[in-house]
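Participant: In the numbering used here, each residue carries its 1-based index in the first sequence increased by 95.
Each residue gets a CB set at the ideal place from its N, CA and C atoms; glycine is no exception.
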Amino acid sequence: MRLSQNITKTLKNAPADEQAINAKLLIRAGFIHKEMAGAYSYLPLGLQVIENIKTVVREEMNALGASELLMTSLQAKDSWVLSGRWSDDLVDIWFKSQLKTGAEIGFGWSHEEPIMMMAKSLVKSYRDLPISVYQFQTKFRNELRAKSGVMRGREFIMKDMYAFSRSADELSEFYERTKDAYLRVYDRIGLGDNTFVTFASGGSFTQFSHEFQTVTDSGEDTIYLDRSKRLAVNEEVYSDEILAQLGMKKDHLEKVKAAEVGNIFNFGPIKGEQMDVYFSDQSGQRQPVYLSSYGIGISRLMGVIAEHFNDQNGLVWPINIAPAKVYLIAIGDSKAVSGADKLYNILTARGVAVIYDDRDVRPGEKFSDADLMGIPWRVVVSEQFIENGLYEIKSRLNNKLQQLNESNLIKLVEATTAKSNLHNKEIGKD
RNA sequence: CGGGGAUUGGCGCAGUUGGCUAGCGCGCCGCGUUUGGGACGCGGAGGCCGGAGGUUCGAGUCCUCUAUCCCCGACCA
96 MRLSQNITKT
106 LKNAPADEQA
116 INAKLLIRAG
126 FIHKEMAGAY
136 SYLPLGLQVI
146 ENIKTVVREE
156 MNALGASELL
166 MTSLQAKDSW
176 VLSGRWSDDL
186 VDIWFKSQLK
196 TGAEIGFGWS
206 HEEPIMMMAK
216 SLVKSYRDLP
226 ISVYQFQTKF
236 RNELRAKSGV
246 MRGREFIMKD
256 MYAFSRSADE
266 LSEFYERTKD
276 AYLRVYDRIG
286 LGDNTFVTFA
296 SGGSFTQFSH
306 EFQTVTDSGE
316 DTIYLDRSKR
326 LAVNEEVYSD
336 EILAQLGMKK
346 DHLEKVKAAE
356 VGNIFNFGPI
366 KGEQMDVYFS
376 DQSGQRQPVY
386 LSSYGIGISR
396 LMGVIAEHFN
406 DQNGLVWPIN
416 IAPAKVYLIA
426 IGDSKAVSGA
436 DKLYNILTAR
446 GVAVIYDDRD
456 VRPGEKFSDA
466 DLMGIPWRVV
476 VSEQFIENGL
486 YEIKSRLNNK
496 LQQLNESNLI
506 KLVEATTAKS
516 NLHNKEIGKD
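Below is the structure:
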């Protein structure tokens with residue numbers, strides 16, 4: 096994109112009404128716009144990050160055999176009454192409204208009940224199972240207190256997947272495969288080293304659910320982490336008995352703050368029984384459908400990454416989710432500008448996302464914005480080098496400067512795609 | 001929901017014990033000089049001080065109510 100066409104302008108000062116680092120940086124760099132507490136719009140650069148995260152998640156979910164769909168945000172009361180979860184006493188984060196007729200409706204904070212209603216009409220036979228579906232959806236949760244920028248909002252983007260299985264074993268097999276897929280997701284978006292499978296409350300259905308917790312001081316959860324086992328226990332279920340049950344040793348654990356970036360649940364047959372969702376098995380017997388559900392907070396991930404990868408100059412996006420790979424700047428006369436135009440066209444034609452800073456401002460301002468926006472590679476086309484066919488390329492990660500010709504530059508930029516884990520190690524945090 | 005803090009041009013802030021046309025920096029517009037780390041000069045535009053009510057000759061400054069935002073706690077499939 097040409098920066099002159101961007102609706103966003105960077106800010107030198109963060110708004111005073113934001114305390115969270117993720118919100119300060121994302122607003123200053125023009126990635127998000129605050130509408131109200133706990134509700135942020137995604138501006139072009141921020142949306143690109145969201146889409147990049149989605150792409151990684153989508154690839155991993157598709158690889159599991161799940162298919163994408165999109166459900167409604169407006170939800171009928173009936174399905175939730177059926178499960179008992181329409182009650183505000185049980186679920187205290189409901190947003191509700193009503194139709195002109197007076198009929199009550201809810202705004203989806205989860206889609207477990209509606210998807211079960213859907214399954215009820217679509218899944219009839221063991222031949223229809225197992226099956227899994229997922230979506231990227233805006234969820235609404237009427238939190239008493241929104242906080243921490245995009246990390247805990249009242250409206251946010253979530254990937255939720257639902258798997259229907261025929262038995263506990265079948266469910267468990269999918270559950271384990273999904274756990275691995277989740278770990279691949281976090282790895283690919285740069286959080287792999289700091290994200291841990293964590294035992295957490297299973298609610299009323301199973302003893303445990305599994306959370307994926309990213310270690311960060313900005314998180315609101317406390318976990319007890321065994322780094323060598325790469326496993327943790329959430330404080331909410333932490334006790335000597337639980338540790339014994341899980342075979343974890345107390346003296347191997349460290350107590351750390353973490354942000355929940357995923358949560359997966361095993362409902363077993365309970366939800367099916369509760370909501371009357373049955374299938375016919377091979378012998379024609381009625382059996383309850385086994386349900387498991389799998390969530391990843393997409394917009395929260397953007398916040399966690401912003402919290403984790405930044406320095407005094409601004410954001411430092413992992414390569415796989417950066418809104419662009421290259422921040423292109425021309426310095427000097429028309430020769431430099433036409434050189435930059437040409438490189439912009441070449442890279443764009445190759446599918447490399449480029450932010451071309453074609454604004455009529457001084458170089459220093461462009462350098463600052465390149466840093467603030469956290470674009471992995473800064474490429475400068477200047478009079479002094481273009482005559483020899485060289486471009487200057489600088490890494491946002493380590494500030495290393497190189498002069499490369501066109502083909503080497505392309506090689507470098509394209510080679511760094513899909514190496515998010517490298518990024519994570521190099522920045523040396525945690 | 002309990003406690004604490006805040007609200008003055010787009011952003012960050014200052015506004016003495018109530019006093020005259022509400023200031024500053026950034027940003028924005030115009031002209032000129034600049035051009036490898038957020039340049040400089042000159043000239044402009046833009047706010048009725050979150051909202052409502054009150055006290056007063058006079059309120060951004062005092063009082064009451066209210067809205068919103070931030071933080072701590074509680075809550076958190």
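State the Cα-Cα distance for the pair residue 151 and residue 115, rounded to the nearest angstrom.
Facilitator: Counting from one through the first sequence, the residue named residue 151 turns up at place 56. Counting from one through the first sequence, the residue named residue 115 turns up at place 20. Answer to the nearest angstrom: the Cα atoms are 26 Å apart.
Participant: Along the beta strand (DSSP E) that carries residue 390, what are the first and last residues, could you check?
Facilitator: Indexing the first sequence from 1 puts residue 390 at position 295. Its beta strand (DSSP E) spans residues 385-392.
Participant: DSSP beta-bridge partners for residue 199?
Facilitator: Counted from its first residue, the first sequence places residue 199 at position 104. The partner list for residue 199 (beta bridge, DSSP) reads 193.
Participant: Check the C-beta distance from residue 352 over to residue 311 and give it rounded, since I have them as a contact under 8 Å.
Facilitator: Here residue 352 refers to the residue found at position 257 of the first sequence. Here residue 311 refers to the residue found at position 216 of the first sequence. 7 Å between Cβ atoms; contact.
Participant: Out of 168, 197 and 196, state which residue places its alpha-carbon closest to the alpha-carbon of residue 189.
Facilitator: In the first sequence, counting from the first residue as 1, residue 189 sits at position 94. That would be 168, whose Cα lies nearest to the Cα of residue 189.
Participant: Kindly confirm or deny that the stretch 231-247 and the stretch 118-132 touch, where touching means at least three C-beta pairs closer than 8 Å.
Facilitator: Taking 8 Å as the limit for Cβ pairs, the verdict is that the stretch 118-132 does touch the stretch 231-247.
Participant: Give me the Cα-Cα distance between residue 454 and residue 420, rounded to the nearest whole angstrom.
Facilitator: For the purposes of this step, residue 454 is taken as the residue at position 359 of the first sequence. For the purposes of this step, residue 420 is taken as the residue at position 325 of the first sequence. Answer to the nearest angstrom: the Cα atoms are 19 Å apart.
Participant: With a 10 Å radius around its C-beta and 16 neighbouring C-beta atoms as the bar for buried, classify residue 329 as buried or exposed.
Facilitator: Start at 1 with the first residue of the first sequence, and residue 329 comes out as number 234. Buried is the call here.
Participant: On the DSSP letters alone, give me the boundaries of the beta strand (DSSP E) that residue 247 sits inside.
Facilitator: Your numbering for residue 247 matches position 152 in the first sequence. Taken as a continuous stretch (DSSP letters only), residue 247 belongs to no beta strand (DSSP E), as it is neither H nor E.
Participant: Evaluate the contact criterion for the stretch 482-497 versus the stretch 137-156: three or more CB pairs, one atom per stretch, below 8 Å.
Facilitator: No, the stretch 482-497 is not in contact with the stretch 137-156.
Participant: Do you know how far the Cα of residue 295 is from the Cα of residue 302?
Facilitator: Start at 1 with the first residue of the first sequence, and residue 302 comes out as number 207. Start at 1 with the first residue of the first sequence, and residue 295 comes out as number 200. Each residue's Cα considered, the two are about 8 Å apart.
Participant: To the nearest whole angstrom, what separates the beta carbons of residue 474 and residue 396, a pair I think is in contact under 8 Å?
Facilitator: Position 379 of the first sequence holds residue 474. Position 301 of the first sequence holds residue 396. Not really, about 28 Å apart at Cβ, beyond 8 Å.
Participant: Specify the secondary structure class of residue 206 as computed by DSSP and reduced to three states.
Facilitator: As a first step, residue 206 must be located in the first sequence, where it is residue number 111. Reduced to three states, the DSSP call for residue 206 is coil.
Participant: Using the Cβ count rule (16 or more neighbours within 10 Å means buried), how would you classify residue 398?
Facilitator: In the first sequence, the residue the question calls residue 398 occupies position 303. Result: buried.
Participant: CA-CA distance, residue 297 and residue 122?
Facilitator: In the first sequence, residue 297 corresponds to position 202, counting from 1. In the first sequence, residue 122 corresponds to position 27, counting from 1. So the two alpha carbons sit approximately 36 Å from each other.
Participant: Output the boundary residues of the alpha helix (DSSP H) element that contains residue 272.
Facilitator: By one-based count along the first sequence, residue 272 stands at place 177. Residues 263-283.
Participant: Decide if the stretch 305-322 is in contact with the stretch 428-436; the criterion is three or more beta carbon pairs, one per stretch, under 8 Å apart.
Facilitator: No: the two stretches stay apart, fewer than three of their Cβ pairs being nearer than 8 Å.
Participant: Pair every Cβ in the stretch 210-217 with every Cβ in the stretch 372-387, then say whether three or more of these pairs are closer than 8 Å.
Facilitator: Counting Cβ pairs under 8 Å, three or more are found: they touch.
Participant: Can you check DSSP and say which residues form a bridge with residue 163?
Facilitator: The residue labelled residue 163 in the question sits at position 68 within the first sequence. Note: residue 163 sits in a beta bridge opposite 229.
Participant: What does a CB cutoff of less than 7 Å around residue 127 pick up in its chain, not counting 5 residues either side in sequence?
Facilitator: Along the first sequence, one-based indexing puts residue 127 at 32. Around residue 127: 121, 135, 136, 137, 138, 141 and 245.
Participant: What three-state label does DSSP hand residue 300 in the structure shown?
Facilitator: Residue mapping note: residue 300 aligns to position 205 of the first sequence, counting from 1. Residue 300 falls in the coil class under three-state DSSP.
Participant: Would you identify the three-state DSSP class for residue 322, choosing helix, strand or coil?
Facilitator: Position 227 of the first sequence, counting from 1, holds the residue named residue 322. Three-state result, residue 322: coil.
Participant: Out of 274, 336 and 357, which one is the CA nearest neighbour of residue 314?
Facilitator: As a first step, residue 314 must be located in the first sequence, where it is residue number 219. Residue 357 is the option with its Cα nearest to residue 314.
Participant: Spatial neighbours of residue 367 within its chain, please: C-beta separation below 7 Å, excluding the five flanking residues on both sides.
Facilitator: Your numbering for residue 367 matches position 272 in the first sequence. Cβ neighbours of residue 367 beyond the five flanking positions: 373, 383, 384, 385 and 386.
Participant: By Cβ distance below 6 Å, which residues in the same chain neighbour residue 48 in space, the five residues on each side in sequence not counted?
Facilitator: In the structure as shown, the chain starts at 96 and stops at 525, and residue 48 therefore has no counterpart that could be examined.
Participant: Let me check you understand the geometry: is the CB of residue 128 closer than 7 Å to at least one non-hydrogen atom of the ligand SAH?
Facilitator: As for the ligand SAH, it is missing from this structure, which has no ligand bound.
Participant: Short of 6 Å in beta carbon distance, which residues of its chain neighbour residue 468, apart from the five on each side in sequence? Order them along the chain.
Facilitator: The residue you call residue 468 lines up with position 373 of the first sequence. Within the same chain, residue 468 has close Cβ partners 124.
Participant: What is the rounded straight-line gap between the Cα of residue 416 and the Cα of residue 379?
Facilitator: As a working mapping, residue 416 is identified with position 321 in the first sequence. As a working mapping, residue 379 is identified with position 284 in the first sequence. Spanning the two alpha carbons is a distance of roughly 49 Å.
Participant: Can you tell me whether DSSP reads residue 153 as helix, strand or coil?
Facilitator: As a first step, residue 153 is located in the first sequence; it is residue number 58 there, counting from the start. The answer is helix: DSSP assigns residue 153 an H, G or I state.
Participant: Can you tell me the Cα-Cα spacing of residue 456 and residue 144, whole angstroms?
Facilitator: Position 361 of the first sequence, counted from the first residue, corresponds to residue 456. Position 49 of the first sequence, counted from the first residue, corresponds to residue 144. The straight-line gap from Cα to Cα measures roughly 26 Å.
Participant: How long is the line joining the alpha carbons of residue 402 and residue 472, rounded to whole angstroms?
Facilitator: To locate residue 402, count along the first sequence from 1; it is residue 307. To locate residue 472, count along the first sequence from 1; it is residue 377. Taking the straight line from one Cα to the other gives about 20 Å.
Participant: Could you spell out the range, first to last residue, of the alpha helix (DSSP H) harbouring residue 358?
Facilitator: Here residue 358 refers to the residue found at position 263 when the first sequence is read from its first residue. Here residue 358 belongs to no alpha helix (DSSP H); instead the beta strand (DSSP E) covers 349-363.
Participant: Can you name the residues that DSSP bridges to residue 409?
Facilitator: Looking up residue 409 in the first sequence gives position 314. Paired residues: 406.
Participant: DSSP three-state call for residue 522: helix, strand or coil?
Facilitator: One-based indexing of the first sequence puts residue 522 at position 427. Unreliable placement is indicated for residue 522, whose pLDDT of 44 sits below 50; the coordinate value is still reported in the next sentence. The answer is helix: DSSP assigns residue 522 an H, G or I state.
Participant: Hey, could you find the ends of the beta strand (DSSP E) residue 221 is sitting in?
Facilitator: Here residue 221 corresponds to residue number 126 of the first sequence, with the count starting at 1. Neither: residue 221 is in no beta strand (DSSP E) and is coded neither H nor E.
Participant: Between residue 223 and residue 174, what straight-line distance do the alpha-carbon atoms span, to the nearest angstrom?
Facilitator: Indexing the first sequence from 1 puts residue 223 at position 128. Indexing the first sequence from 1 puts residue 174 at position 79. C-alpha separation (whole angstroms): 22 Å.
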